[in-house]
Ligand SMILES: Cc1cc2nc3c(=O)[nH]c(=O)nc-3n(C[C@H](O)[C@H](O)[C@H](O)COP(=O)(O)OP(=O)(O)OC[C@H]3O[C@@H](n4cnc5c(N)ncnc54)[C@H](O)[C@@H]3O)c2cc1C
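In this note's numbering, the protein residues as written are 1 to 587.
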């Protein structure tokens, strides 16, 4: 079947914060850039980000990029690459000021500077006391950021393809990336996007779990496409559970609530975080707070008739502060928990929120994979940024506000790197003859499959398996059983059937194609988690309680082919600063 081809200098898959920051670099430099998105750009999941962007602006007191760097490395439980972390923390103030100059409506102090609030794990003077580092627009920071970036991209003539779903990565025999195949959702027609460079900014994959703060579109498409094209996925065992999802609903209550002075209570009315983290208390890093909450619930100090949640108290902040700084939270609490936080505490539980792992990149946003004895050989023409990428700045646990920083810093840096590559590689290489073969085979299978299983049922079994076998606390028997279950479910996912075979805006087909990606992410996560025999950051094993730097201070690389695992060293050498040596992590 002949398939129409569209030609661009660069194609970016994803119109969230990372994708639009990268496209802005390219469009402003005069390149012809296409941005594909499953949804209208300002509906990308970045819109949901609430609490803020981490940057050491020092508007509220003393601060420095070095303290930010220390906090990020400690937060990552020493698995983060220190060169990438230094790069991010040094660049953070610059990209925030740029955003301000693009028109971002930040909250302000009396003197006109950007207001900053405290956030978990961020400190002054290498952990001595909490610092105010999160630059925010009330509790709608992502919303303001996404609209600012979209308007700026429209001004720069970025070419958006809205409601287009990228399906597969196109590589030639040498491994160079030459484009993507994609489905126009409205017509149901497949296309090839030929490009000299491809950048993935497809966001997270939190939908592999049953209880998640993530939107339905967060199906890990970039990771699935990369895995099918032979690229490994890095550190997929590390999934962040955010401490405060609304009990029963999963919707996020931002850490900014605790930053502004809210705190957690167990059924005895005890502020239990004082026991687990005497210095940072409720503002300890997320893995620490989530485990403390899970422990309180497990030991019978949970609240409610089922003793299955704890309470987030903020009524003492007063109605005026809640209305001005946390208006979105008041609305969420009323709608999803049926409580008004001005008078009553919000019932909360840890909920899956963020993937620390992803497509391996260096700090320029170039995708890297083992080749010819080099564990980090650059894959020519391929870039990734944002939550789908693993730079790795978050290591085993991300600090709140560092994802938006990551999007801005690495979105811009990868855009710059693509520009350099385009200047050195002026012509398009020929597409391989079988460029669209994998995609057409996937579409044809779905069209012709009979006697297959329902997509929703298979996806639901995957979500339940991830939730039960790979949660906040991990047990060896459950992990081992989880691996065989997820493999079985992957086989079922390859035989799903859709009843509706129509072409025009067929959401059943789209969900089936998304499941192909989700299942790769789920397999990668379960297999990597089962293999890592230590506890580090968000990965907490009952049979190996301690961090084991001798054997496990290394990144996992999962390959789809045969569920194979390889490992590569952590970059312990920063760009200019001295190494932060691994030590015991207390808050
Ligand atoms: C509720 C919530 C609150 C948060 N609050 C904060 C916060 O305050 N501070 C912070 O630092 N972090 C926060 N985070 C994390 C942060 O928001 C995300 O990590 C970040 O926004 C992800 O941005 P992104 O650009 O990588 O992806 P996204 O914004 O998720 O965008 C992904 C894009 O990829 C597109 N896409 C995906 N697959 C395909 C495909 N196959 N074809 C075409 N397009 C595709 C989507 O349409 C979308 O445009 C929060 C997360 C959640 C869930």
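Positions of the beta carbon are idealized from the N, C-alpha and C atoms, including for glycine.
Cβ atoms of residue 357 and residue 236 come within 8 angstroms of each other, at about 4 angstroms. Taking 7 angstroms as the cut-off, one finds no heavy atom of ligand 1 near enough to the beta carbon of residue 226. Straight across, the Cα-Cα distance linking residue 158 with residue 147 is about 14 angstroms.
Setting aside the 5 residues that flank it on each side, residue 88 is surrounded in the same chain by 393, 405, 406, 409, each with a C-beta closer than 7 angstroms to its C-beta; the list follows chain order.
Looking at the DSSP output, residue 567 shares a beta bridge with 556. Of the residues 68, 49, 41, 130, the one whose Cα lies closest to the Cα of residue 283 is 130.
As computed with DSSP, residue 265 is found in a beta bridge with 311. A residue is called buried once 16 or more other Cβ atoms fall within 10 Å of its Cβ, and residue 72 is buried on that count. Around the CB of residue 90, 16 or more other CB atoms lie within 10 Å, so the residue is classed as buried. In the three-state DSSP reduction, residue 498 falls in the coil class, being neither helix nor strand.
Straight through space, the alpha carbons of residue 170 and residue 549 are spaced by roughly 38 angstroms. Here the alpha carbon of residue 290 sits roughly 11 angstroms from the alpha carbon of residue 348. As the crow flies, the alpha-carbon of residue 304 is around 12 angstroms from that of residue 345. Taken from the Cβ of residue 164, at least one heavy atom of ligand 1 lies inside 7 angstroms. Take the alpha-carbon of residue 457 and the one of residue 299: they are about 33 angstroms apart. Excluding the 5 residues flanking it on each side, residue 211 has same chain C-beta neighbours closer than 6 angstroms at 250, 351, in chain order. Distance from the C-beta of residue 263 to the nearest heavy atom of ligand 1 is not below 7 angstroms. Taking the Cβ of residue 579 as the reference point, every heavy atom of ligand 1 lies at 7 angstroms or farther away. In this chain, the beta strand (DSSP E) harbouring residue 135 covers 129-135. By DSSP's assignment, residue 270 forms no beta bridge with any residue.
The Cβ atoms of residue 572 and residue 512 lie no closer than 8 angstroms to each other. For residue 297, DSSP records no beta bridge to any residue. Excluding five sequence positions before and after residue 119, the CB atoms of its chain that fall closer than 8 angstroms to its own CB belong to 51, 52, 54, 133, 134, 255, 256, 259, 283, 399, 400, 401, given in chain order. Proximity of the segment 55-69 to the segment 110-117 meets the contact definition, three or more beta-carbon pairs being nearer than 8 angstroms. The continuous alpha helix (DSSP H) containing residue 141 extends over residues 141-155. In the DSSP secondary-structure assignment, residue 118 is bridged to 132. The shortest C-alpha to C-alpha distance from residue 175 to any of 111, 188, 379, 333 is the one to 379.
As DSSP reads the structure, residue 165 sits in a beta bridge with 183. Residue 123 and residue 503 do not touch by the CB rule: their CB atoms are close to 55 angstroms apart, not below 8 angstroms. A distance below 6 angstroms between beta-carbons, with the five flanking residues on each side excluded, links residue 559 to the following residues of its chain, in chain order: 232.
Around the beta carbon of residue 40, fewer than 16 other beta carbons lie within 10 angstroms, which makes this residue exposed. The three-state secondary structure of residue 536, taken from DSSP, is strand.
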